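Before any comments, here is the structure.
Protein chains: 6
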Amino acid sequence: MFMHNKKLQYTVRVSEANPVLASLMLEQFGGPQGELAAAMRYFTQALAEEDPGRKDMLLDIATEELSHLEIIGSIVAMLNRGVKGELAEASLSEADLYRSLTQGGDSHTQALLYGGGPALTNSSGAPWTAAYIDTIGDPACDLRSNIAAESRAKIIYERLINVTEDPGVKDTLSFLMTREIAHQKSFEKALYSIEQNFPPGKLAGKRQFADLYVNASQGNGDSDGPWNSGGEWKRLDDVVGQIPLDGGAGSATVKLTEEEARDLSTFMQRLESRVDEQATPAKRH
Amino acid sequence: MFMHNKKLQYTVRVSEANPVLASLMLEQFGGPQGELAAAMRYFTQALAEEDPGRKDMLLDIATEELSHLEIIGSIVAMLNRGVKGELAEASLSEADLYRSLTQGGDSHTQALLYGGGPALTNSSGAPWTAAYIDTIGDPACDLRSNIAAESRAKIIYERLINVTEDPGVKDTLSFLMTREIAHQKSFEKALYSIEQNFPPGKLAGKRQFADLYVNASQGNGDSDGPWNSGGEWKRLDDVVGQIPLDGGAGSATVKLTEEEARDLSTFMQRLESRVDEQATPAKRH
Amino acid sequence: MFMHNKKLQYTVRVSEANPVLASLMLEQFGGPQGELAAAMRYFTQALAEEDPGRKDMLLDIATEELSHLEIIGSIVAMLNRGVKGELAEASLSEADLYRSLTQGGDSHTQALLYGGGPALTNSSGAPWTAAYIDTIGDPACDLRSNIAAESRAKIIYERLINVTEDPGVKDTLSFLMTREIAHQKSFEKALYSIEQNFPPGKLAGKRQFADLYVNASQGNGDSDGPWNSGGEWKRLDDVVGQIPLDGGAGSATVKLTEEEARDLSTFMQRLESRVDEQATPAKRH
Amino acid sequence: MFMHNKKLQYTVRVSEANPVLASLMLEQFGGPQGELAAAMRYFTQALAEEDPGRKDMLLDIATEELSHLEIIGSIVAMLNRGVKGELAEASLSEADLYRSLTQGGDSHTQALLYGGGPALTNSSGAPWTAAYIDTIGDPACDLRSNIAAESRAKIIYERLINVTEDPGVKDTLSFLMTREIAHQKSFEKALYSIEQNFPPGKLAGKRQFADLYVNASQGNGDSDGPWNSGGEWKRLDDVVGQIPLDGGAGSATVKLTEEEARDLSTFMQRLESRVDEQATPAKRH
Amino acid sequence: MFMHNKKLQYTVRVSEANPVLASLMLEQFGGPQGELAAAMRYFTQALAEEDPGRKDMLLDIATEELSHLEIIGSIVAMLNRGVKGELAEASLSEADLYRSLTQGGDSHTQALLYGGGPALTNSSGAPWTAAYIDTIGDPACDLRSNIAAESRAKIIYERLINVTEDPGVKDTLSFLMTREIAHQKSFEKALYSIEQNFPPGKLAGKRQFADLYVNASQGNGDSDGPWNSGGEWKRLDDVVGQIPLDGGAGSATVKLTEEEARDLSTFMQRLESRVDEQATPAKRH
Amino acid sequence: MFMHNKKLQYTVRVSEANPVLASLMLEQFGGPQGELAAAMRYFTQALAEEDPGRKDMLLDIATEELSHLEIIGSIVAMLNRGVKGELAEASLSEADLYRSLTQGGDSHTQALLYGGGPALTNSSGAPWTAAYIDTIGDPACDLRSNIAAESRAKIIYERLINVTEDPGVKDTLSFLMTREIAHQKSFEKALYSIEQNFPPGKLAGKRQFADLYVNASQGNGDSDGPWNSGGEWKRLDDVVGQIPLDGGAGSATVKLTEEEARDLSTFMQRLESRVDEQATPAKRH
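Protein chains in written order, with my numbering: chain A, 41 to 325; chain B, 41 to 325; chain C, 41 to 325; chain D, 41 to 325; chain E, 41 to 325; chain F, 41 to 325.
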């Protein structure tokens, strides 16, 4: 069960209200790399996790990410606290309010639609969606997804720090960024605690294709690197000449029943294409 | 520039039409871990990549993933080839068609809406969305995202193989699964070819919080593991007692202008909450 | 800050694994009336709430809803616990696994894509979206939204109880349903503690239109009720005869600059419609 | 059946073209609290409503909301009427057009993608989605949802009025806002005409949990109010000490078949976590 | 302004309740080719249309499509009228209700989430989205979009007719299908009433590329037809040999300021890729 | 199978970095009328196409559209190449970076979230969705959809050209625009090569309703044109007087079983509406 204490995990001190900066901060509130996505990624994994150690870790970090959602949401709420009263009380002239709302970012939507409250959207106003969550229920994959997600969140915080002048906001963002580094380390430890982590799953795959590098993009710019060269790789350069790689026809076929084949043949004949020249509307111009 | 050859990279041999199995296969066509997501993830990275070696690798693999999209789409098309003619030509009785469409999965939508063609949805009919793509334009992060994505795609193929009896489909799925293993290896090689890959970005974070493990979920089930114990970690157990971690008040504050403060005060008074007992509609019941 | 204890708020006892029932339960996990929507609705309101009493209440209930998300997610995880192992270990024949996955509901996607973990989708596999959240930052509105949301959640639980035979699941769902009743009461109390709760906001509107009932749907079936009849209502029956209600022209106009008017005129002439008979492709058939 | 008359329900008089203001107005055209959402909410309820009186009311109001969609859409069309011709006829220099498109809001997308026509998006360009509609087919709930929706729409109109200088637009928006007040009253009358409206549905819930207030958020800021105190409430403060509330173990369990248990055990062993220290890539940095 | 009459445009006679068939019918209620998409496509075009004749036509057809939305929604409501009462009143045993809800299609979500009311989703439960609407505000394009949309809607109705045994439903669907044919004809007439309808817009394009057919897919299966052969076409077969088609370098370049170039160079060096062999985690397995 | 050559189909020469212009260009990268939508529309059609000629054409054009996606994506990458380094290296002051990010359009999201890489969103940041793709698997419909789609894409390019001063960008956009014209012609040729292209499908519809024009929008502004007048049309003006068009009751009915009828009756009684005056909360104000 969750419990809550009204103290934040880290103090939020904002120097002045600024709704445009607020709208940028939403990237880590309701954006794809933000704290709700993090919390829900780990929480859904925890619920289905069978290993007690990983379950505990996932619950620890999910709970902390919810606390970070609270921190970043509090930053947004503080930055919007000026415009909230002005809009609700109509204290400025219409022209001044209009100007204040359309000065940049998507702050207009934050004010008009959400009344200055932190909304679960990214900085462009796209609503948060569970499509952001890539949990698939295999620990060796999910931990890799978590490592990647933490690294991305770290960078988004770094970018937000780079555009923020407010020292209090900067300080709190630095704390949040640092915690992503710590979480990334935890997830790496947990991944490498699984003996059979590569390839994930049980099936080994077809030996002859596991070390093959297909040079599908050619021409000026072809390069060598450890990802396609060296003792671990066979490289296929004559791609068109070698396909299909199974030595078959390279076509797609299915065995149909007689009835299915007859119906399909009727369908094809009804819609077959004449190959002689056709007058068409567009031709006239 | 892209070119296309009508031969597939791997031959597709389907034993019999089966629209329900087709709808399951969509997971790798228009699903979150499917081939369009893979192709677009790498392609968008390639366009902005400054390093020539990584750019070449990303284009190679993006191009191959498009070719895999073609293979899995061809499997779907073959599996639906029976129902396509039957529905378009209305060759069965209505009752038989109705039965054939509602026998499981989401094959009904595939038939009614897409006419048996492969649709860019997952196996539940959710349309593909770019929200699946987690590219953020930092190579040390994007490569981690790619490693994770390949591992997930490998598992989805494994699950599809496990539910497929058709030997031809199984064989082609095994090829596709194996290629994900190869791609995962390439991306790992590329990640470890970047010297400064951890933490990603330039900012180091706050030292005192980088090795801290916050035991936010407590009670029966607390566990130790390399992700929270050992020489690299300090652990915080008395969480409520220690917050906020900066030693401040743990509150969120903003400095408002006089006008902002006045408006907000008006807003608060207008909407303040009486704390005495209120009769409410629900009470009557 | 959030804290977590590994005990659930209410014990979950599931009699047997059943992935189809699991997929139905998702309605309250990742569906529009489910627990994540509830938690996020109240949590986002709490962050921007200025009234200390309401803020406390919103945090109390948001935190409890997160704990309910954990309970319903645990039910899903238990119901899927059988298929999870079978699919990952491929212990059944392909035909048996295929049958078990396509027996109804959207359990196929839950298994293939999420590996049996609880996914943030509704029972049809539509991913959770913040578009479900109707917070607008005005307490007199948001509390009404909360009352309505709790009433809806109560009914979805009632429907799930009605289709569940498992006594343990039924018992836990009854607990969750009851809590929605309690929350609805709290939100009603809070709404009626705001003196100026109707109409919400500051503007009173145009007097002559506030008590007008427009009988826009006519013909057989027109009815009287307290919503359109009695001393509080004026009713408009001759709608077409009376529009526009402001006594003007009923048209839409804008004053354009000379340049704008000239451009628009060019645009209109370029695309104007000939009214004489036209031969068209479709005519030939 | 619907019929249409080319007169608007209320005259629209716009003083000058202004594409940025147009983009703000979209909030009530294709936004979550806008007129399409209103019309579709009531229309879908009307189609399934069994009570003749409520069905009539829902059709009356749905039809009027469609007429309001027409009014707000006409405001948008008028405000965009200048840029429409300029962009289509390329009458300005590229630099002037570019400046006029990027002066604020999301007017750039309105011009480039929709050619200045009113689009079914909110003011940030997020496409309208049926996820906005919370109809669940129970009148006692749906009427509460309608009351809440009308109150929200009222406030969004108030905010738009507060940022609009144009007297004609202001006047029309005031009309639309007032109608939301009238609709809210109708829906309240209809709700209280249902005797058994609380709790909605048939099931009464578990007595011991219906009057319980769970103080899940604690610490500085805990407050009393009619929503958690007084004769109608029992309050639970020692939350961690009392869970689970059923007196059980607070765990989640399921009875598995022998085969299921064996598969799960294999799965767990294959993926179990070693708890000794692991060297990991991130460690090297 | 819209008006409504409670008579339907066409009588709906359903022989027996059938929630699975209801869920298929949703394709034309809240699906991409359904009646809401049609109504909103034409209605948004009408609001911005400058030509009075086309505006009138678009309003006529939009209004009729709303009336068709009412008809198809009424079919859904009738087909669900049995399950609605059973679920709300819990009149069947839980097992019977469970069976009745999971017998096919997505009828489970229709019952649980929407209580049997017609929902604005497609037959797989994907919520309606304005992304279905392709209006761009150019009449010569929008009319083509309308022609295509009507042709698609006609086919979806045909498919629904083919799976429906109920003679009353079949009759009403035939009416709706026929109206799509009539609308398609109207839109064709309107398109060919615009003199300058091809190419749409004002700009003519680059002469040398307007009649060029690029044979980008080669190999076995290359075909000739009026779309790539004959007097109107030049064909490019040696694609790789001829690109770029402008005779330039085929690269992408931008002139950067000195500062921009310096920053980019720092960025590249920081993240450059070592090309020597790297030990990676995956290698160990 | 797809192959790639690192030369672009057309050279991209950008005069100076400009992230706001980049964000406008996204309309043709990840927008509804953009190149990914085009490529995927034709590619999905190709996979299911039975006619070899059309299949070849669809693959040719799909492949070329992918190459156009590469071109427009390269334009975006070049326009963002300045801000990418500045943000990653934090070379400007925070205030300068903030200003550069919030100067218009949605360039702030492009920088913060995507690091300046081309993202699969439209110019307002709405993620690309397969809901944009209207393929239904009937060639006579799909070709009409393709014709319409090409005409729309042509106009979006024209609008982008009109707002672009950069001569290199203008030149490349003109190439891309021209290719849409060529593709539109190919699809028209292919449509008119199908003998039975109108009405699409096999069913002819109800004769008496195929030539009927329903004048559903009346009043001032009613117009005549070839779409509603002349020898091919019967026109219905007295709409309310004539409905339902089948001469029936205009109602919706279903035959219920006795049990279903009884449950429904219980449901109706439980929720029936009292028609006498009700005191309601809103009344008090």
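The beta carbon of each residue, even a glycine, is placed where N, CA and C say it ideally should be.
Note that the coordinates shown come from a computational prediction; the quantities given were computed from them, not determined experimentally.
Worksheet item: Are the C-beta of R81 (chain E) and some C-beta of chain F separated by less than 8 Å?
Response: Taking the fifth sequence and counting its residues from 1, one reaches residue 81 (chain E) at position 41. Using a Cβ-Cβ cut-off of 8 Å, R81 (chain E) does not count as an interface residue toward chain F, since no Cβ of chain F sits closer than that to its own.
Worksheet entry | Cβ contact check for the stretch 201-216 of chain D and the stretch 109-118 of chain D: 3 or more pairs under 8 Å | With the rule of 3 Cβ pairs closer than 8 Å, the stretch 201-216 of chain D counts as touching the stretch 109-118 of chain D.
Discussion item. Can you list, in chain order, the residues of its chain with a C-beta nearer than 8 Å to that of D316 (chain D)? Leave out the 5 residues immediately preceding and following it.
Written reply: Position 276 of the fourth sequence, counting from 1, holds the residue named residue 316 (chain D). Counting only residues of its own chain and dropping the five nearest sequence neighbours on each side, D316 (chain D) has no CB closer than 8 Å to any other CB.
Worksheet item: Using a C-beta to C-beta distance shorter than 8 Å, which residues of chain D count as neighbours of G156 (chain E)?
Response: Here residue 156 (chain E) refers to the residue found at position 116 of the fifth sequence. The contacting residues are A88, G177.
Worksheet item: Is it the case that the Cβ atoms of N202 (chain C) and E134 (chain E) are separated by a distance below 8 Å?
Response: Mapped onto the third sequence, residue 202 (chain C) falls at position 162. Mapped onto the fifth sequence, residue 134 (chain E) falls at position 94. Yes.
Discussion item. For D264 (chain C), count the other beta carbons within 10 Å of its own beta carbon; 16 or more makes it buried, fewer makes it exposed. Which is it?
Written reply: On the third sequence, residue 264 (chain C) is found 224 positions in, with the first residue counted as 1. By the 16-neighbour rule on beta-carbons within 10 angstroms, D264 (chain C) is exposed.
Discussion item. Below 8 Å, how does it come out for the stretch 182-199 of chain F and the stretch 182-201 of chain D: are there three or more Cβ pairs, yes or no?
Written reply: No, the stretch 182-199 of chain F is not in contact with the stretch 182-201 of chain D.
Fill in: Strand pairing of Q309 (chain F), partner residues [DSSP]
Residue 309 (chain F) sits at position 269 when you count from the first residue of the sixth sequence. Looking at the DSSP assignment, Q309 (chain F) forms no beta bridge with any residue, so it has no partner.
Worksheet item: Tell me which same chain residues have a C-beta within less than 6 Å of the C-beta of H44 (chain C), skipping the five on either side of it?
Response: Taking the first residue of the third sequence as position 1, residue 44 (chain C) is located at position 4. Answer for H44 (chain C): no residue qualifies.
Worksheet item: Which residue's Cα is closest to the Cα of E89 (chain E): E:A230, E:S291, E:M308, E:G271?
Response: Residue 89 (chain E) sits at position 49 when you count from the first residue of the fifth sequence. Nearest of E:A230, E:S291, E:M308, E:G271 to E89 (chain E), Cα basis: E:A230.
Worksheet entry | Cutoff 8 Å: Q49 (chain D) Cβ touching any chain F Cβ | Residue mapping note: residue 49 (chain D) aligns to position 9 of the fourth sequence, counting from 1. Chain F, which has no Cβ nearer than 8 Å to the Cβ of Q49 (chain D), makes this no.
Practice prompt. Pick out whichever of B:L243, B:L216, B:P72 has its Cα sitting closest to the Cα of T51 (chain B).
Written response: Start at 1 with the first residue of the second sequence, and residue 51 (chain B) comes out as number 11. Check the Cα spacing between T51 (chain B) and each of B:L243, B:L216, B:P72: the tightest is with B:L216.
Practice prompt. Assign P282 (chain B) to one of two classes, buried (16 or more other C-beta atoms within 10 Å of its C-beta) or exposed (fewer than that).
Written response: Looking up residue 282 (chain B) in the second sequence gives position 242. The displayed chain sequence assigns Gln, not Pro, to residue 282 (chain B). Taking every protein chain shown into account, the CB of Q282 (chain B) has fewer than 16 other CB atoms within 10 angstroms, so this residue is exposed.
Worksheet item: Can you name, in chain order, every residue of its own chain whose Cβ lies under 8 Å from the Cβ of D100 (chain C), other than the five neighbours on each side?
Response: Looking up residue 100 (chain C) in the third sequence gives position 60. Nothing listed; no residue qualifies.
Discussion item. Under DSSP, the alpha helix (DSSP H) around R192 (chain F) begins and ends at which residues?
Written reply: Numbered from 1 along the sixth sequence, position 152 holds the residue referred to as residue 192 (chain F). DSSP places R192 (chain F) in the uninterrupted alpha helix (DSSP H) bounded by 179-202.
Worksheet item: How about N162 (chain D) and L119 (chain D): are their beta carbons less than 8 Å apart?
Response: Looking up residue 162 (chain D) in the fourth sequence gives position 122. Looking up residue 119 (chain D) in the fourth sequence gives position 79. No.
Practice prompt. Name, going along the chain, the residues of the stretch 303-321 of chain D whose beta-carbon falls closer than 9 Å to a beta-carbon of chain B.
Written response: Contact residues of the stretch 303-321 of chain D toward chain B are S313, R314, V315, D316, E317, Q318, T320, P321 (C-beta to C-beta distance below 9 Å).
Worksheet item: What does S133 (chain A) reach in chain B if we use C-beta pairs closer than 8 Å?
Response: Along the first sequence, one-based indexing puts residue 133 (chain A) at 93. Ordered by position in chain B, no residue passes the 8 Å Cβ test against S133 (chain A), which lies about 13 Å from the chain.
Discussion item. Please state the DSSP three-state secondary structure of F215 (chain C).
Written reply: Taking the first residue of the third sequence as 1, we reach residue 215 (chain C) at position 175. Under the three-state reduction of DSSP, F215 (chain C) is assigned to helix.
Discussion item. Within 8 Å of any Cβ in chain E, is that where the Cβ of P72 (chain A) sits?
Written reply: Locating residue 72 (chain A) in the first sequence gives position 32, counting from the first residue. No, its Cβ sits nowhere closer than 8 Å to a Cβ of chain E.
Discussion item. Quick check: is the beta carbon of E56 (chain A) nearer than 8 Å to any beta carbon in chain F?
Written reply: Counting from one through the first sequence, the residue named residue 56 (chain A) turns up at place 16. No, its Cβ sits nowhere closer than 8 Å to a Cβ of chain F.
Practice prompt. Pick helix, strand or coil for K46 (chain D), following the three-state DSSP scheme.
Written response: Numbered from its first residue, the fourth sequence carries residue 46 (chain D) at position 6. In the three-state reduction of the DSSP assignment, K46 (chain D) falls in the coil class.
Worksheet item: How would you call N260 (chain F), buried or exposed, if buried means at least 16 neighbouring beta carbons within 10 angstroms?
Response: Working through the sixth sequence from its first residue, we reach residue 260 (chain F) at position 220. Label assigned to N260 (chain F): exposed.
Worksheet entry | Alpha carbon of E272 (chain E) to alpha carbon of E56 (chain F), nearest angstrom | As a working mapping, residue 272 (chain E) is identified with position 232 in the fifth sequence. As a working mapping, residue 56 (chain F) is identified with position 16 in the sixth sequence. Rounded to the nearest angstrom, the gap between the Cα atoms of E272 (chain E) and E56 (chain F) is 39 Å.
Practice prompt. Please compile the residues from chain D whose C-beta is within a distance smaller than 8 Å of the C-beta of L152 (chain A).
Written response: Numbered from 1 along the first sequence, position 112 holds the residue referred to as residue 152 (chain A). Below the 8 Å Cβ cutoff, chain D contributes L64, E67, S163, I196, R199, L200, V203 as neighbours of L152 (chain A), in chain order.
Worksheet item: Given a threshold of 16 other Cβ atoms within 10 Å of its Cβ, counted over all protein chains shown, does D178 (chain F) qualify as buried or as exposed?
Response: Within the sixth sequence, the letter at position 138 stands for residue 178 (chain F). Per the 10 Å Cβ criterion, buried.
Item to complete: Identify every residue that forms a DSSP beta bridge with T293 (chain D).
Response: Within the fourth sequence, numbered from 1, the residue matching residue 293 (chain D) stands at position 253. C:R53, per the DSSP bridge assignment.
Worksheet item: Excluding five sequence neighbours on each side, which residues of the same chain lie with their C-beta closer than 6 Å to the C-beta of G144 (chain F)?
Response: Reading the sixth sequence from its first residue, position 104 is the one you call residue 144 (chain F). The beta carbon of G144 (chain F) lies closer than 6 Å to those of V60 in the same chain, with the five residues before and after it left out.
Worksheet item: What whole-angstrom Cβ distance do E312 (chain F) and D91 (chain D) have, given they're in contact under 8 Å?
Response: Against the sixth sequence, residue 312 (chain F) aligns to sequence position 272. Against the fourth sequence, residue 91 (chain D) aligns to sequence position 51. Yes, E312 (chain F) and D91 (chain D) are in contact; Cβ-Cβ is about 6 Å, under 8 Å.
Worksheet item: Within the present structure, is the beta-carbon of Y138 (chain F) separated from the nearest heavy atom of the ligand SAH by less than 7 Å?
Response: Summarising the ligand content, the structure contains no ligands, and the ligand SAH is consequently not present.
Item to complete: Output the distance between the C-alpha atoms of K194 (chain D) and G71 (chain D), rounded to the nearest integer angstrom.
Response: Translated into the one-based positions of the fourth sequence, residue 194 (chain D) becomes position 154. Translated into the one-based positions of the fourth sequence, residue 71 (chain D) becomes position 31. Taking the straight line joining both Cα atoms gives about 13 Å.
Worksheet item: Assuming T218 (chain B) contacts W168 (chain F) under a Cβ cut-off of 8 Å, what Cβ separation, rounded to an integer in Å, is found between them?
Response: Position 178 of the second sequence holds residue 218 (chain B). Position 128 of the sixth sequence holds residue 168 (chain F). Incorrect: roughly 29 Å between the Cβ atoms, too far for contact.
Worksheet item: The alpha helix (DSSP H) spanning Y82 (chain A) covers which residue range?
Response: Counting from one through the first sequence, the residue named residue 82 (chain A) turns up at place 42. 75-88 is the extent of the alpha helix (DSSP H) around Y82 (chain A).
Practice prompt. For chain C, find out if any of its Cβ atoms is closer than 8 Å to the Cβ of E110 (chain A); answer yes or no.
Written response: In the first sequence, counting from the first residue as 1, residue 110 (chain A) sits at position 70. For E110 (chain A), a Cβ of chain C is located within less than 8 Å of the residue's own Cβ.
Discussion item. If I measure Cβ to Cβ from H223 (chain F) and keep anything under 7 Å in the same chain, skipping five residues before and after, which residues do I get?
Written reply: Sequence index remark: in the sixth sequence, residue 223 (chain F) carries index 183 (1-based). Within the same chain, H223 (chain F) has close Cβ partners I101, E190.
Worksheet item: For P266 (chain A) and chain E, any beta-carbon pair shorter than 8 Å?
Response: Indexing the first sequence from 1 puts residue 266 (chain A) at position 226. At least one chain E Cβ lies under 8 Å of P266 (chain A).
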